[in-house]
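**Student:** For what it's worth, our numbering labels the leading residue of the sequence shown as 24, then goes sequentially.
Using N, Cα and C, we set each Cβ at its ideal position, and we do this for glycine too.
Sharing a structure with you now.
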Amino acid sequence: MTTEELTTKVEAANDPAKKLGTTETWNGTDVHVLRNSSGQFVTWRKASAGEASSAPVAVADGGHDELSFTTDRGADVTVRAESGTLFVTFDAGNASVEDSSARLDREKGMDVLDAGTHRDNSGERFRALIPVDDRRDEIEQLREDSKDDSPLTYEVEEYSKGTGSWGQELTGQKLVPSKSYNEMTEREQDLSMKVDTDRVPDDAEPGDVLTFEDLLDDARTNEEKDEDALDEAAETGEEVVINKSTTSCNDSSKECNLDHVTRVATPEGDIESRRTHTY
Numbered sequence: 024m025t026t027e028e029l030t031t032k033v034e035a036a037n038d039p040a041k042k043l044g045t046t047e048t049w050n051g052t053d054v055h056v057l058r059n060s061s062g063q064f065v066t067w068r069k070a071s072a073g074e075a076s077s078a079p080v081a082v083a084d085g086g087h088d089e090l091s092f093t094t095d096r097g098a099d100v101t102v103r104a105e106s107g108t109l110f111v112t113f114d115a116g117n118a119s120v121e122d123s124s125a126r127l128d129r130e131k132g133m134d135v136l137d138a139g140t141h142r143d144n145s146g147e148r149f150r151a152l153i154p155v156d157d158r159r160d161e162i163e164q165l166r167e168d169s170k171d172d173s174p175l176t177y178e179v180e181e182y183s184k185g186t187g188s189w190g191q192e193l194t195g196q197k198l199v200p201s202k203s204y205n206e207m208t209e210r211e212q213d214l215s216m217k218v219d220t221d222r223v224p225d226d227a228e229p230g231d232v233l234t235f236e237d238l239l240d241d242a243r244t245n246e247e248k249d250e251d252a253l254d255e256a257a258e259t260g261e262e263v264v265i266n267k268s269t270t271s272c273n274d275s276s277k278e279c280n281l282d283h284v285t286r287v288a289t290p291e292g293d294i295e296s297r298r299t300h301t302y
């Protein structure tokens, strides 16, 4: 190997952009992407501002509307996503599935698409587990890109509860989310678990559209609360209490009744849970 060849090789190793062919925009972020000769995703890294301005940008929303590949056993697979749900079509010769809903899972240490139970060409039932190898991140991105990017809201809806003893119509109110659970972002899913859709604010009327800020005293996820507490502890140099709860005693050697658990953020950047036994 010549000095020039060695220098070029080292420069390429230290500059991944030289090995990643195109720049795409995924959810508003410019990334360098490497795809194989079939156009299938291989790897990626985030692009710096300077690189993004000098490189051609293809707005791709995470890559493709669908992803096609062939498994090691020769099955042709196509994955698409709609409203946060994955659908898979594959042909393995003796068995095929068309546009079946699927989910990413782990099976015997492998990343797979689980498309449920189907029948092969002979009528035998089989569980459709499709190895995805290193494509898990791209498939997850495909699913995220298919979700509605408008914010989750809740509409106040009036419904009939039947009739009373005097024949009068009885009505109630409930909160109806603007998205299904699969369509929600992870943050929206976390916060939606805190919303009681049967509890409508007293001043709300049918047709009103409410947000998390309208419905929750604290419209933050648990992760966001932890991050805010850590920031405050680092800034003040004092511990910050995140929350307190009561749970069953976890010490079988003692005849205690309940434990008071306090979670605190420390100035050192740790989150600690401290238990106090009660008797």
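The alpha helix (DSSP H) with K248 in it runs from where to where?
**Tutor:** Sequence index remark: in the sequence shown, residue 248 carries index 225 (1-based). It spans N245 to T259 - the alpha helix (DSSP H) in which K248 sits, taken as one unbroken run.
**Student:** Please state whether DSSP places Q212 in a helix, a strand or coil.
**Tutor:** For the purposes of this step, residue 212 is taken as residue 189 along the sequence shown, with counting starting at 1. Of the three classes helix, strand and coil, the one that applies to Q212 here is helix, per DSSP.
**Student:** How far does the alpha helix (DSSP H) with L238 in it reach, from first residue to last?
**Tutor:** As a working note, residue 238 is residue 215 in the sequence shown. Here the alpha helix (DSSP H) through L238 covers F235 to L238.
**Student:** Since Q196 is in the beta strand (DSSP E), which residue starts that stretch and which ends it?
**Tutor:** Residue numbering aside, residue 196 sits at position 173 when the sequence shown is read from its first letter. Taken as a continuous stretch (DSSP letters only), the beta strand (DSSP E) holding Q196 covers E192 to P200.
**Student:** Note down the Cα distance separating F64 from D168, rounded to an integer number of angstroms.
**Tutor:** On the sequence shown, residue 64 is found 41 positions in, with the first residue counted as 1. On the sequence shown, residue 168 is found 145 positions in, with the first residue counted as 1. Model confidence at F64 stands at a pLDDT of 48, short of 50, so the residue's coordinates are unreliable; what they give is reported in the following sentence. Cα to Cα, the separation comes out at about 15 Å.
**Student:** Can you tell me which of the three DSSP states T289 falls into?
**Tutor:** Here residue 289 corresponds to residue number 266 of the sequence shown, with the count starting at 1. Coil at T289, not helix or strand.
**Student:** Would you list the residues sitting across from A125 in a DSSP beta bridge?
**Tutor:** Locating residue 125 in the sequence shown gives position 102, where the first residue counts as 1. For A125, which the question treats as bridged, DSSP gives the partners L109.
**Student:** Between E206 and the rest of its own chain, which residues show a CB-CB distance below 8 Å, the 5 nearest in sequence each way excluded?
**Tutor:** As a first step, residue 206 must be located in the sequence shown, where it is residue number 183. Result list for E206: S106, G107, K170 and D171, in chain order.
**Student:** My guess is that S271 and L281 are in contact by the Cβ rule of under 8 Å, so how many angstroms apart are they, rounded?
**Tutor:** As a working note, residue 271 is residue 248 in the sequence shown. As a working note, residue 281 is residue 258 in the sequence shown. About 7 Å; that satisfies the 8 Å criterion.
**Student:** Would you kindly work out how many angstroms separate the C-alpha atoms of A257 and E291, rounded to a whole number?
**Tutor:** Within the sequence shown, the letter at position 234 stands for residue 257. Within the sequence shown, the letter at position 268 stands for residue 291. Distance between A257 and E291, taken at the CA atoms: about 7 Å.
**Student:** By how many angstroms is the C-alpha of D219 removed from the C-alpha of L238?
**Tutor:** By 1-based counting over the sequence shown, the position of residue 238 is 215. By 1-based counting over the sequence shown, the position of residue 219 is 196. Between L238 and D219, the C-alpha separation is close to 9 Å.
**Student:** Could you tell me which whole alpha helix (DSSP H) segments of length 4 or greater appear in the stretch 132-191?
**Tutor:** Runs found: 159-168.
**Student:** Under 8 Å, with one C-beta from each stretch per pair, do the stretch 122-136 and the stretch 228-247 reach the 3-pair mark?
**Tutor:** no
**Student:** For a test of the three-state rule: what should DSSP assign to N266, helix, strand or coil?
**Tutor:** Within the sequence shown, numbered from 1, the residue matching residue 266 stands at position 243. It is a strand residue.
**Student:** According to the neighbour-count rule (16 or more other Cβ atoms, all chains shown, within 10 Å of its Cβ), is L175 buried or exposed?
**Tutor:** Position 152 of the sequence shown, counting from 1, holds the residue named residue 175. It is buried - the Cβ of L175 has at least 16 other Cβ atoms within 10 Å.
**Student:** Take the Cβ of E102 as the centre, count every other Cβ of all protein chains shown within 10 Å, and call the residue buried at 16 or more, exposed below.
**Tutor:** Counted from its first residue, the sequence shown places residue 102 at position 79. Correcting the residue type first, residue 102 is Val in the shown sequence and not Glu. Buried, because 16 or more other Cβ atoms sit within 10 Å of the Cβ of V102.
**Student:** Leaving out the 5 sequence neighbours to the left and right, which residues in its chain are closer than 6 Å to L193 when beta-carbon positions are compared?
**Tutor:** Counted from its first residue, the sequence shown places residue 193 at position 170. Here the set comprises K184, G185 and G187.
**Student:** Here's a check: name, in chain order, each residue in its chain whose Cβ is nearer than 7 Å to the Cβ of R166, leaving out the five neighbours to either side.
**Tutor:** Within the sequence shown, the letter at position 143 stands for residue 166. If we look at R166 and ignore the five residues flanking it on each side, its Cβ neighbours are A104, G107 and L109.
**Student:** Tell me the rounded alpha-carbon separation between A118 and E147.
**Tutor:** For the purposes of this step, residue 118 is taken as residue 95 along the sequence shown, with counting starting at 1. For the purposes of this step, residue 147 is taken as residue 124 along the sequence shown, with counting starting at 1. In a straight line, the C-alpha of A118 is about 10 Å away from that of E147.
**Student:** Could you say which of H300, L233 and I162 lies nearest to D274 if we only look at CA atoms?
**Tutor:** Here residue 274 is taken as the residue at index 251 of the sequence shown, counted from 1. D274 has its Cα closest to that of H300, out of H300, L233 and I162.
**Student:** Tell me whether Q191 is buried or exposed, calling it buried when 16 or more other Cβ atoms sit within 10 Å of its Cβ.
**Tutor:** Translated into the one-based positions of the sequence shown, residue 191 becomes position 168. Exposed.
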